[in-house]
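In my numbering, the protein residues as written are 1468 to 1708. Structure record follows, encoded as structure tokens.
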């Protein structure tokens, strides 16, 4: 898979392409030549006039194609590098624990589900998945973190497996799905649908248990009749502690 290639492999490939491009561009003595543009797997061929040697060197008509080939090779290589940058995030593991999480995620084929590292930078939560992919989320968009001060926010810990980020102050846990739900509308819609289904299952079970015990909605200790009605309607989900 392309995402799994090492930086060394990427550098080697880029160097090979660059060397090939330079060799093509600097080839001066040809009876006929072809300019090849290797972009998106296609070849564009441009016929050139034969190079005629005269005296100390080539005629000017043979120099222009060489300059054209050199310029085209440079543009092709620049496009290749731009593609690499768009496909590979430049992640550098900050500590040994991050490296262990990356290895663990690859071992169990869960790079898109686990967190490699996380930090707070200028009121923004920076999270790297084990793919690696970078997520930037303003703290203001995560309601659970709104009660924490600046110093408390920085005291975060990523679990050894990478399954969650934990803040001791406030006893708050956030996983990668929560992060994606903030930045990706499609994920947020899926989470909302899942929450509605969960609420429906809870409401059905609560109502069934109440009827089996022959209890009225007002008979439930610690809850008002209105709260029980909302639970049985699926408007809210009980939270366990």
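Glycine is no exception: its CB is placed at the ideal position from the N, C-alpha and C atoms.
Would you decide whether residue i is buried or exposed? Buried here means 16 or more other CB atoms lie within 10 Å of its CB.
i            : result
residue 1641 : buried
residue 1625 : buried
residue 1563 : exposed
residue 1596 : buried
residue 1646 : buried
residue 1701 : buried
residue 1582 : buried
residue 1612 : buried
What's the gap between the Cα of residue i and the Cα of residue j?
i            : j            : result
residue 1629 : residue 1584 : 8 Å
residue 1687 : residue 1695 : 8 Å
residue 1577 : residue 1675 : 39 Å
residue 1668 : residue 1658 : 15 Å
residue 1590 : residue 1684 : 45 Å
residue 1644 : residue 1682 : 39 Å
residue 1607 : residue 1678 : 43 Å
residue 1609 : residue 1566 : 27 Å
residue 1670 : residue 1579 : 33 Å
residue 1427 : residue 1614 : It is not possible to answer for residue 1427, since the shown part of the chain is limited to 1468 through 1708.
residue 1699 : residue 1673 : 6 Å
residue 1664 : residue 1655 : 14 Å
residue 1697 : residue 1660 : 18 Å
residue 1637 : residue 1617 : 13 Å
residue 1691 : residue 1574 : 50 Å
residue 1571 : residue 1689 : 45 Å
residue 1592 : residue 1620 : 9 Å
residue 1588 : residue 1622 : 12 Å
residue 1634 : residue 1558 : 23 Å
residue 1627 : residue 1662 : 28 Å
Got a sec? Which residues, its chain only, sit under 6 Å from residue i by beta carbon, not counting five neighbours each side?
i            : result
residue 1527 : Its pLDDT being 46, under 50, residue 1527 is placed unreliably by the model, and nothing is read from it.
residue 1751 : The chain is shown from 1468 up to 1708; residue 1751 falls before or after that span and cannot be answered.
residue 1561 : 1584
residue 1569 : 1583 and 1597
DSSP beta-bridge partners for residue i?
i            : result
residue 1603 : 1593
residue 1625 : 1632
residue 1432 : It is not possible to answer for residue 1432, since the shown part of the chain is limited to 1468 through 1708.
residue 1585 : 1594
Output needed for residue i: all residues of its chain with C-beta closer than 8 Å, excluding positions within five of it in sequence on either side, in chain order.
i            : result
residue 1666 : 1701, 1702, 1703 and 1704
residue 1680 : none
Got a sec? Which residues, its chain only, sit under 7 Å from residue i by beta carbon, not counting five neighbours each side?
i            : result
residue 1586 : 1593
residue 1693 : none
Exercise for the section: May I ask you to verify whether the segment 1596 to 1609 touches the segment 1645 to 1654, counting CB pairs closer than 8 Å and requiring at least 3? Expected result: yes
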